[in-house]
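Q: Questions regarding the structure given below will be posed in turn.
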Amino acid sequence: MPDAKVIAIEEHFTSPYLRQVIPPRDGPVQKMLDDITGVRLKEMDEGGIDLAVLSENNPAANNLDPETAVRVAKASNDFLYETVRAHPTRFAGFATLPLPDPKASADELERAVTKLGFHGTMIMGTSNGLFLDDKRFRPVFERAAKLDVPIYIHPSPVLPAIFDAYFKDHPGLQGPPLGFGIETLTHTFRLITSGLFDEYPSLKIIVGHLGEAAPYTLWRSEHNLARFQKMAKGLADYYRQNFWLTTSGAFSDSALACAIAEMGIERIMFAVDWPYINNALGTKWLKAAPLNDKDRALIFEGNARKLLRLT
Ligand code: MN
51 MPDAKVIAIE
61 EHFTSPYLRQ
71 VIPPRDGPVQ
81 KMLDDITGVR
91 LKEMDEGGID
101 LAVLSENNPA
111 ANNLDPETAV
121 RVAKASNDFL
131 YETVRAHPTR
141 FAGFATLPLP
151 DPKASADELE
161 RAVTKLGFHG
171 TMIMGTSNGL
181 FLDDKRFRPV
191 FERAAKLDVP
201 IYIHPSPVLP
211 AIFDAYFKDH
221 PGLQGPPLGF
231 GIETLTHTFR
241 LITSGLFDEY
251 PSLKIIVGHL
261 GEAAPYTLWR
271 SEHNLARFQK
281 MAKGLADYYR
291 QNFWLTTSGA
301 FSDSALACAI
311 AEMGIERIMF
321 AVDWPYINNA
331 LGTKWLKAAP
341 LNDKDRALIF
351 EGNARKLLRL
361 T
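Here it is in structure tokens:
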């Protein structure tokens, strides 16, 4: 591969500020999330990752009361700013937003982009049970469009009623095996059917896990949605216009081929989903994937550089 750097853009941490208000996970994963420079940098080196765009771990500030959310999100972003400043060649940042206060979230996104040099935001799915198509979150999208920065929609656990109906008797299927995919695919399609992209046609949305199966289902979803809802464009047209995908935790040659075929090579970016997924598993996979060197370099580096304006 000629000189392409490796940029990974769904890489998580827990700041001391979120740690104070959200119960920690058990075991080694929380230690890795807390360890902002130790094992993280070691595993980036072992996996051949040059630059990681960091994001506060799920659920970030999504489910707090508004006042606490604003306080800890600002503190978290300041913490990430200092982290990036100490390691400018290894880290960049996505802002954490205090979503329970949408207006404050829009202002914090602007502060994070214009004052802290962040490259957009990662939103951890639903906030206090609400999907982002809820009208009260429109100020966040309006500001992202104005700033021309992407919003990365990350999975959150399915809502309790869905858990009870779908997964209570099959708890192994919640989370990454199935639940996260259902939640995020629903979330992204809801943004489209809400009319969001007619209001803000230039919005840029990133989705991980190769789109949570969206590329595979685009034709069928568009074909049938047209029977139930009239929209200015087809579902797939909105998806191809407004969405970018990452490889986070989805290292399959055939799924990648489908994503590239549906979206175009310039819409796919590399991500691992550290610490939940091993860095070397991701880089080894993409280095061996059946791509020409130019396309591989676009996924590893070029597409993220362009979309996130990483210099
Ligand atoms: Mn993740």
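Residue 183 in my numbering sits at position 133 of the sequence shown; the count goes up by one each step and never skips. Glycine residues also receive a C-beta, built at the ideal position from the N, C-alpha and C atoms.
Going by alpha carbons, who is nearest to VAL199 out of ILE327, LEU182, GLU160, GLY229?
A: GLU160
Q: Run through the stretch 184-255 for me and flag every whole beta strand (DSSP E) of 3 or more residues, listed as ranges in chain order.
A: 201-203
Q: Okay, do the stretch 191-205 and the stretch 229-245 touch, 3+ Cβ pairs below 8 Å being the bar?
A: yes
Q: Report yes if the CB atom of ARG57 is closer than 8 Å to the CB atom of LEU101, and no otherwise.
A: Residue identity differs from the one stated: residue 57 is Ile in this sequence, not Arg. Going by beta carbons, ILE57 and LEU101 fall inside the 8 Å limit.
Q: Looking only at C-alpha atoms, which of ASP85, LEU147, TRP335 sits nearest to ALA321?
A: TRP335
Q: In whole angstroms, give me the CA-to-CA distance for PHE247 and LEU147.
A: 21 Å
Q: Look at LEU209 and GLY179 and say whether their C-beta atoms are less than 8 Å apart.
A: yes
Q: Output needed for CYS308: all residues of its chain with C-beta closer than 7 Å, excluding positions within five of it in sequence on either side, in chain order.
A: PRO265, TYR266
Q: So the candidates are ALA145, ILE59, LYS124; which of them puts its Cα closest to the Cα of ILE327?
A: ILE59
Q: Between the alpha carbons of MET281 and LEU241, how many angstroms are there, rounded?
A: 12 Å
Q: Please report the distance separating the alpha-carbon of PRO66 from that of LEU114.
A: Rounded to the nearest angstrom, the two C-alpha atoms are 16 Å apart.
Q: Buried or exposed, going by whether 16 or more other CB atoms sit within 10 Å of the CB of SER16?
A: For residue 16 there is no data in the structure shown, the boundaries of the chain being 51 and 361.
Q: Assuming LEU68 and SER155 are in contact, meaning their beta carbons sit under 8 Å apart, how far apart are those beta carbons, in whole angstroms?
A: Going by Cβ atoms, the distance from LEU68 to SER155 rounds to 15 Å, so no, they are not a contact pair.
Q: Tell me the residue span of the beta strand (DSSP E) that contains GLY143.
A: 141-143
Q: Taking only heavy atoms of the ligand ADP into account, decide whether any of them is closer than 7 Å to the Cβ of GLU93.
A: This structure lacks the ligand ADP; the ligands present are the ligand MN.
Q: For GLU117, does the count of other Cβ atoms within 10 angstroms reach 16, so buried, or fall short, so exposed?
A: By the 16-neighbour rule on beta-carbons within 10 angstroms, GLU117 is exposed.
Q: Using 8 Å for Cβ pairs, my map puts GLU158 next to VAL103. What's the rounded Cβ distance?
A: In fact, because the Cβ distance is near 18 Å, the residues do not count as touching under 8 Å.
Q: Looking only at its own chain, which residues have a Cβ that is under 8 Å from the Cβ of HIS169, when we skip the five neighbours before and after it?
A: Answer for HIS169: VAL103, ALA142, GLY143, PHE144, VAL163, VAL199, PRO200, LEU358, ARG359, LEU360, listed in chain order.
Q: Put THR296 into one of helix, strand or coil per three-state DSSP.
A: strand
Q: Which same chain residues, not among the five before or five after GLN279, have their C-beta less than 7 Å away from its C-beta?
A: Contacts found: THR243.
Q: Determine which residues share a DSSP beta bridge with ALA58 and list them.
A: Under DSSP, ALA58 forms a beta bridge with ALA102.
Q: Just mark LEU223 as buried or exposed, buried being the case when its beta carbon has 16 or more other beta carbons within 10 Å.
A: exposed
Q: At 4 residues or longer, what runs of the alpha helix (DSSP H) sit wholly inside the stretch 76-129?
A: 78-84, 88-97
Q: Once you ignore the five residues that flank LEU134 on each side, which residues in its own chain have a CB closer than 7 Å to its CB?
A: The sequence shown places Val at residue 134, not Leu. The residues are PHE141, ALA142, GLY143.
Q: Look at LEU285 and GLU272 and say whether their C-beta atoms are less than 8 Å apart.
A: yes
Q: So which of LYS92, MET94, PRO152, THR171 has the shortest CA-CA distance to ASN107?
A: THR171
Q: Report, in whole angstroms, the separation of the C-beta atoms of ASP95 and THR64, which I expect to be a contact under 8 Å.
A: Not really, about 21 Å apart at Cβ, beyond 8 Å.
Q: When burial is assigned at 16 or more other CB atoms within 10 Å of the CB, is LYS254 buried or exposed?
A: Of the residues assessed, LYS254 falls on the buried side of the cut-off, its CB having 16 or more other CB atoms within 10 angstroms.
Q: Taking the straight line between their C-alpha atoms, what separation do you get for PHE350 and GLY245?
A: 32 Å
Q: Would ASP287 and PRO340 be called neighbours here (beta carbons separated by less than 8 Å)?
A: no
Q: Would you grab the beta carbon distance between TYR250 and PHE293 for me? Rounded to a whole angstrom, and I think it's under 8 Å.
A: Not really, about 13 Å apart at Cβ, beyond 8 Å.
Q: When the distance is taken between beta carbons, is PRO325 closer than 8 Å to MET82?
A: yes
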